[in-house]
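One structure is given below, encoded as structure tokens.
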Amino acid sequence: MDQFNSFFTSMEPIFVRYGLSVIGAVAILIVGLLVARWIGKRVHRSLSKSARFDDTVTLLLAKLVRIVIIAVTILAVLNQFGVQTASLVAVLGTIGLAIGLALQGTLSNIASGIMLLVLRPFNVGDTVDIGSTSGVVDEIGLFVTEMHTFDNIGITMPNSKVWGNEIRNYSRNDVRRVDMEFGIAYDDDMDKAMGVVKEVLDADERVLAEPEPLIAISALGDSAVNIRVRPWTQTANVWPLRYAITKRVKERFDEEEISFPFPQRDVHLFQEEN
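When you number the sequence shown by our numbering, it's gap-free, plus one each residue, and the end is 275.
Right, dumping it as structure tokens:
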């Protein structure tokens, strides 16, 4: 019994010293975990209310915030036991740098994916040109963007390639202009032909009154007088309207005996005298 009391007496300063450290460390750990959870939920809730942030990005940013707070909490806990956290941070930084260099391509795709999801140059279902690739967007992920071409061929593009290219989005605006051109013979009446085109446009409900359609002589070609036609319509009607107007203009020109000239060239023959 005396030996136990003696041992307890000798160990009492150690228990007091490290016991307080353990209690402080546990308190810091509990508070840090609670704070990380609370702030993570607040970040997720705030970003979810914004239409600019995708669900994937919202979850990722909320997790990153929690991880950062937990990492700071762990460093604070280690500091309670006298661990030199400065050297530990330096070691972790070196390891992180090595991992970053090893996964440079992957991290570049993730960073590009986050930019695509946050800035939203296009959405799922949009018709786009990305560099020399044209198609419809099927999915925007953290690593790759899934598309399919107009003849339904699947395309998987790394996000770094998508973000690093020029992006042309045909679906972003609700209204688009349809550019067409029709050629008539030099012997035909230009004003009559332009009037027929205007009647065709006025008869189609898909053509918008504002902005006003353009009908003008654009050029005097080698074989034809070119009439430029530029009506405006809803984006979803661009191609159906183009096909319908082209067909109807041909039918009306035939009815009005306005010709579509074929390419022609005058050839002059000279006979040499012997």
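From the three backbone atoms N, C-alpha and C, an ideal C-beta is built for every residue, glycine too.
A straight-line Cα-Cα distance of about 41 Å links Val226 and Met148.
Within the model, the alpha-carbon separation for Leu34 versus Ala112 is close to 27 Å. According to DSSP, residue pairing for Gln272 in a beta bridge does not occur. Taken through DSSP and simplified to helix, strand or coil, Leu143 comes out as coil.
With respect to the 8 Å criterion, Leu30 and Val73 are not classified as neighbours on the basis of their beta carbons.
According to DSSP, residue pairing for Met158 in a beta bridge involves Thr146. Per DSSP, the beta-bridge partners of Thr234 are Arg177. Non-local C-beta neighbours of Trp240 in its own chain, meaning closer than 6 Å and more than five positions away in sequence, are absent. Secondary-structure assignment with DSSP links Gly184 through a beta bridge to Asn227. Restricting attention to Ser135, Glu256, Thr128, Glu213, the CA atom closest to the CA of Val230 is found in Glu213. Each of Ser49, Gly184, Glu167 was checked against the Cα of Ser260, and the nearest Cα belongs to Gly184. Taking all protein chains shown into account, Pro232 has 16 or more neighbouring C-beta atoms within 10 Å of its C-beta and is therefore buried. The beta-carbon distance between Ile141 and Leu108, rounded to whole angstroms, is 18 Å. This is too long to meet the 8 Å contact definition.
When DSSP states are grouped into helix, strand and coil, Ile218 belongs to the strand group.
Asn174 and Gln235 have their C-alpha atoms roughly 9 Å apart.
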